[in-house]
Structure formats: C-alpha cells, structure tokens
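First comes the structure, then the notes that go with it.
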Amino acid sequence: MNLPGRRAASPPAQGLVTPGRLREFFAPRSIAVVGASDTSGWARFIVASSATVGFTGPLIPVHPAHATVFGRPAVPSLRDLPEPVDLAFILAPIQAVEGVLDDAGAAGVRGAVVLASGYREVGPQGRALEDMMLARAAANGITMLGPNCLGFVNAHSRSAPFALTLPPPLTAGPIGVALQSGALASVVLAFARSRAIGVSTLTTMGNESMISTVDMIDYLAEDESTKVICLFLEEIGDPEKFARAAEKADQAGKPIVALKVGSSLAGQQAALAHTGSVAGNDAVVDAVLRQLNVVRVTSIEELLCTGALLGYDRWPRGRRMGVVTASGGACDIIADRASAQGVEIPPFAPETAAAITEHLPPFAAAKNPLDVTGYVLANSRVSTLTAIDHALDAAVQDPGLDFVLFSGVTLPDARPADELLASMIEGRLAWLEQRIASSPVPVIPGGATCVDVSEYGRDLLGRHHIHLLGGMELGVRALGHALRWLENRGNARSGPARRAAARKVPASPGVPASPGVPASPGVPASPGVPAASGVPAASGVSASGAWSEVAARSLLSDSGVPVVPAELVHSADEAVAAARRVGLPAAVKICSAQIPHKSDIGGVALGLSTEAEIRAGYEQVLAAGRSVAGAGLDGVLVSAMRTGGVELLAGVTMDPAFGAVLALGLGGIWVEVLKDTSLRVLPVDAGEVKRMLADLRGLPLLRGARGTRPADLDAVAKVISVLGDAALSLNGALRALEVNPLWVSGDQVEALDVLVVTETEPTP
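Residues 3 to 766 (the working numbering) make up the sequence shown, in order.
Rendered as structure tokens:
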C-alpha cells in the first residue's frame, strides 16, 4: 500500500537497491559533482564535507563552461571522464537531469544523487516528471538517491557527498540514520557531535523515488558498522514493506528508534504541505510501531541518546537498576524518572551495603540509589580512584541488580595543567574502561545533564571506549526505551500471518439468511474454539451500510465468537416465548440495519423479568423503530441479560494506510470517559491480545479487583483474536465491526451487542 508522497521502487529499479548494491553506493571511492561552479553553494558544501571526513578519492567537478572549479580541473560532461566514477552528485536544474543520467549511463557511473526539487512533492505534473526520471535512471542501471535530496555521509568509508554543513570532527560510530528531511540532517549531526555520538551512515532521503527508507532499513540491518537504526519519519509510504524490514532488523538484533512526526493536527498539515504525503492517524501509527518493536521517541535529542545507549553500552539484563551518584538530589530525580519508566531500584544486598560503607563518610548511608556525597571533594585528590569508584566496584557484584547506572564521570573542559592530576584522570578512565568490560552486570555511565562534551572529553572518552548518557532525564528515558525493546525483541511481525475463514455474508446486510437466527442455547459460554486459519477471504458483500444485528451476530457466531443467546421475533407472544427460552431477565431490542444506535431512539428495553414487562418492552421498542422514517424493520431481538462481570469494547476499523485496526478497551460508557484503549493492526494472535489487555489501565478490573471474579484472560484473548479473524474475512469490505459490550465473567465471554458496517466500493 503506497501513499501519495513517497513510494516503493518500481519493478525495473528493484535490482538496483539491494543491500549489496547499496553497500557499493554508500561507499564511493570516486565522486563527480555535476553542475559544480565556484559560485555554487551546494558544490562548496560537498567539497567541504568531503574534506571534513577525509575523503581521499577523486572529487571531479563537471561543468560545460568551466575549466576549473575550486582550483580543481573540471570536465565538460560525465562522458568526458577518463574513467568511470562510482557516484555522480547531480546539481543540474530539473530540465537537465534526465540528460545527465544518460551521460552517467554512457560513462559507466553506477550511482547518482539528485538535488533538484520540483518533482512529486509539488503535485501531479511533478509526479510525472519524477516517473520519467526514475525510468531513465533504471534504464541506465543507475542506483539513485533523491530527487529533492542533499546527499549522505558515510563516516566509516570517509565519504561525504553531502550538500550541507558538516560540523567537524565527524566521529565514526554505530548509529545509522535515515531522515525524511534535508536540512534537519545538520541539526542531527550537530547534536551527535556535541554528545560524542558516532554515526555510521547518515542519509537524507528526499522523495525516495528509488532508494526508500525501507531500503535503508534493509541495508543498515546488514551493515556491520551499524548497531542501531535511527529514523526521522514524516510518513510510512509502504506499510507492508516497512513491516518486513523492521522484522528483519529485529531478527538481526538491530534496534530501530524512530522520531515519527505528524501526531497533532498542525503537525499533520505541516507534513502534508512539506512532502505531499498523508500523515496517518497517529494512534494507529503508534500501535504499528509498537507491534514492530520500533522504539518511538519525540525529539532529536531523545532519538540520538536512545540510539547511543543501544549502540555503545552493554544492554541491561532486566529492570533492576543500581544507581551510584555523588548527589542526593540526583538520586531523587533518577528515582522519579525510573518509576515513570517502570525501572526498579531495589535495596542493595547486605554484603553490598557493607562493602560500600567502608568507603563512605560516617553520615552517608549505603542504600540504592546511592549518594556517596561530595565529601571527598573537600580534600585534595591523592589517588586515582575515588569513593564513588569503590562503590561501583561493590555494586556490580550485587546479585539483585541487572545493571548499574553510574553517574560518576565528570571531566574538565581541558586537560589540567597539573600533570599529576591529568595522569590521575586518565588512569581513572582506564580503570573505568576495564571495570565496564569485566563487570558481571552492565555498567552504564551517564552525565547529570545533557551538556556538550568538550574536545578534551571527547578525545579521552573515545580512547577508552566510554560513552556518557545525555543527562538524567534523557538517560533514564533511554533506558526505559531500551528495556521495552529488549523485552519485545523477536515479537516483531512483518505482515498477515493468517486469514480468517471465508465468510459468505447476506446479499443485503439488513436481511438475514432466514427470518429468525436464534443463537443456539448450546453456544458455549467458554470460547474453546480455535481460530480459523488459512482460508481465503470472503467475497460475498454486495451492499453497503450497517447490517442488522441478526446478520452481524451470525457473522460472529459462524466465525466462532460466542454471542449471548437471542432470538428474532415478530409478535409480543413470540417475544414472551423467546424470553423463556433464552432466560430471564431478558432484553429486547429493535432490529434494523437503518438503526445502528438503538438506545438513542428508545429502541432497547433491559432487565425484563415478567410476561407483562416483556410485552410492554416489545411494544415500546417496536414503536420506537417505526418512528424512524425509512427504516426497514427485521423484527425485535430478544436476548438474555448478563449482570456482573466486566464489559469490554472490541472493535475493528479501517485505517487508510494500515488497513484493519483492532481497538480494545473497557466497554460501555467507560470508553468515552476513560479513553483507555489499546490498538493493534490485524491480524493478531491470542498472545498479542494479552499484551493489549496488559496495556489497559483497567486491567485490575479483569484480574478481580475488590473481590470480583477474575477473568480468564486466555479465554478473553482467544475470543478477541477470533473476532479479528471475522473482520478480516470480509476481504476489505469492512468499515467497522464493534462488539460493545463484550461481556466477561470468569471464563465466560459473550458478545452482547454487535455492529457491522461494510462498503462495497473500494475506499481511495
């Protein structure tokens, strides 16, 4: 499924964007800059960036009217190159780009970056131009990045065909970055430099006419220099391919951290204006990323700090954290932030506390989080290690900790003039490097605030392979992200794993297959029915709109979802007889496809226990139905009442980008009041539904709060999974399927009220 802005590579281009071809593309040994001149700011940026990374290969200006550019010999055309270059950075205007691509093909150039804008992002005319350009590149066997693109940086291969400022020094490191933005790349690089965060490859994606963000994930998942993939996303243009790439990264042990914009109305409008793409429903996007085990963040700082934690440090083994600091206030801040992230700070074991106490002043307590106090600062430094280092040495031996956050590294802005002090600082960093490498549990060093790392600090930390988390706020949040990624690793799902049973639905959604479709009294209260699988989707929907509840109930019961016993009747006498069969007290409801919200018109009567009440209720709801102009009445539905238990809502709607989306939350009025819901894109299995239930703030109600009967969560999850299969069985005709409430009492799970809406015409 492709969105209007960016798109997947067309079939002729697919062989040009394999991971192997991209390894070649992102490590060019020679570069030609087409359209370079002494007055071109873009060309000047490319030359400067290449110098910053230490690019040593040929960097050849190409211009028909200049013999030299920036003091370098130029050639008139790519066809005049003495030998092929690996990459052409095309600065030519839009009307000349296709001709340059032909020149590149004739010259044996295999890669190109296209700067020009005015393509797909401006509308249909530009889209046509981009399609022609893409076809020309593919015909010439050229792997192309762009258009509307500022290039890339590969710190490990020391190549930077990058038409922006590249702040020196550029540190090579484990973070691969792909940005659906151009100018933001400089901001990302500047923050990475300030925190001594090294990048592997950073790419501005442009319009993604050939190389897409999905291709970048695919490439970086195989790149040996990349340990973490960081993304800035304005939209997800091909959800299915994105999902497959995310699963590949997850299986390779490469976390994906994403800053996805467009969560607010203003943000969505900005994304639309900037890229011509559609920013989907943000709650659905959030659910999709969570299903794919993609860490979602909200700022560039959080993006890179989280990426750096996962790229540099040993990963935490669990949620039990030891904290070693030199500040009581820092302990308080870290404890608060850890609680918000679900990170535990357990007490030190007695032997740990005893070992730490030996190095503390008498007024300090050896407790977790630990404040060794600033007492040692009152005296001149006389030894390489300090009290906080000895405390760390003891803490890492604690059997009750999964990792230790060490806030004990502070460095001066410059190397001290006192050689003894400078030697002790370097000796201490060497000890810390060894302690981190040999520690029984991961040690994660962190700074107190997210300030710039000085040149001296960058050099010293780099030589000892130590990275400092960017402050307590961002640091603990990054730890929370890392723990969630680790806990969900291996669960990323790339696409539909199964389909529900084929469903032949009524030709008219408002008319059931027979005049009455009573639920069999033998319908099991316990949902011990397996989910149907491997059966093709249905194709029987031939009318649009809401279904009558009888038809909707039939869809669910035929699929294996338990529904409350009910019968369709056409007289008060039939209503009384039906009520006795389904059980008293009973509920009566008008049944009409044109009246989906029956209670709004008085079309529902509840808790009817006597014959007189049932007759009166029948007449009441029938009169209410007849008052609705144009409504065709199928009859009155008589069903058993259910009391006690917990009411859930389980519904499926269609997202324009991601398809069928399951929403699960507390039912009845609580949906609107609490807004406590969890979302997933279908299909889901029972295990994923249990994770959805765990998301809900109302979970304690299901677990038996205040002495109520605990729900069988396995039974609930199985029923909701089958409900999702029923939605998929409608083969895209579904617009909404809602069970509200889905009644749960112990191991009994029943759909009490069902709404189904379909649309035979495809949605654009």
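For glycine and all other residues, C-beta sits at the position ideal for the given N, C-alpha and C.
- Here the alpha carbon of Gly128 sits roughly 22 Å from the alpha carbon of Leu235.
- Rounded to whole angstroms, Glu457 and Glu489 show a C-alpha spacing of 36 Å.
- Judged by DSSP secondary structure, Ser42 falls outside any alpha helix (DSSP H); it is assigned neither H nor E.
- Setting aside the 5 residues that flank it on each side, Met134 is surrounded in the same chain by Glu100, each with a C-beta closer than 7 Å to its C-beta; the list follows chain order.
- For Asn742, the three-state secondary structure derived from DSSP is strand.
- Taking C-beta separations shorter than 6 Å and ignoring five residues to either side along the sequence, the partners of Leu261 in its chain run Phe234, Val299, Leu305, following chain order.
- Arg195 is positioned such that its CB atom lies closer than 8 Å to that of Pro169.
- From the listed residues Glu237, Gln750, His599, Leu462, the smallest Cα separation to Arg417 is found for Leu462.
- For Asp420, the number of other beta carbons within 10 angstroms of its own is below 16, and it is reported as exposed.
- C-alpha of Ala642 to C-alpha of Glu576: approximately 15 Å in a straight line.
- Within the stretch 418-456, the complete beta strand (DSSP E) segments at least 3 residues long are 445-447, listed from N- to C-terminus.
- In this model, Ser214 and Gly184 are separated by some 14 Å (Cα to Cα).
- Look at Asn490 here: in three-state DSSP terms it is helix.
- When Ser594, Thr58, Ser556, Arg321 are compared, the shortest CA-CA separation from Ala753 is found for Ser556.
- The beta carbons of Gly208 and Gly148 sit about 4 Å from each other, so the pair counts as a contact at 8 Å.
- Around the beta carbon of Ser301, a 10 Å sphere encloses fewer than 16 other beta carbons of the protein chains shown; the residue is thus reported as exposed.
- Beyond the five residues adjoining it in sequence on each side, Asn142 comes within less than 6 Å, by CB distance, of Leu103, Gly107 in the same chain, given in chain order.
- When only Cα atoms are considered, Val71 and Val55 end up about 20 Å apart.
- Burial of Asp315 is indicated by the presence of at least 16 other C-beta atoms within 10 angstroms of its C-beta.
- With a cut-off of 8 Å on Cβ pairs, the stretch 403-413 is in contact with the stretch 322-337, counting three or more such pairs.
- Beyond the five residues adjoining it in sequence on each side, Asp40 comes within less than 7 Å, by CB distance, of Val71, Phe72 in the same chain, given in chain order.
- In this structure, Ala554 lies near Val758, with their beta-carbon atoms less than 8 Å apart.
- The residue from Gly309, Arg138, Tyr121 with its alpha-carbon nearest to that of Ser202 is Gly309.
- Val478 and Pro318 have their C-alpha atoms some 12 Å from each other.
- Look at the stretch 98-147 and you find these whole runs of alpha helix (DSSP H), each 4 residues long or longer: 99-109, 126-141.
- Taking a contact as a CB-CB distance under 8 Å, the pair Val584 and Gly619 does not count as one, their CB atoms being some 14 Å apart.
- DSSP places Phe350 outside both helix and strand once states are collapsed to three, so it counts as coil.
- Around Trp487, the same chain offers Pro257, Asn295, Val297, Leu312 as residues with beta carbons nearer than 8 Å, after the five sequence neighbours per side are excluded.
- For the pair Leu664 and Val654, the Cα-to-Cα distance works out to about 4 Å.
- Annotation: the continuous alpha helix (DSSP H) that includes Thr215 extends over 215-224.
- Close CB contacts of Glu435 within its chain, under the 7 Å cut and outside five residues either way in sequence, are with His466, His467, Ile468 (chain order).
- By the criterion of a C-beta distance shorter than 6 Å, Gly459 is surrounded in its chain by Leu413, once the five residues flanking it on both sides are discounted.
- The alpha helix (DSSP H) runs lying completely inside the stretch 314-373 and spanning 4 residues or more are 330-342, 352-359, given in chain order.
- Collapsing the DSSP output to three states places Ile603 in a helix.
- Where Val296 is concerned, the enclosing beta strand (DSSP E) starts and stops at 296-299.
- CA-to-CA, the gap between Asp220 and Lys250 works out to about 7 Å.
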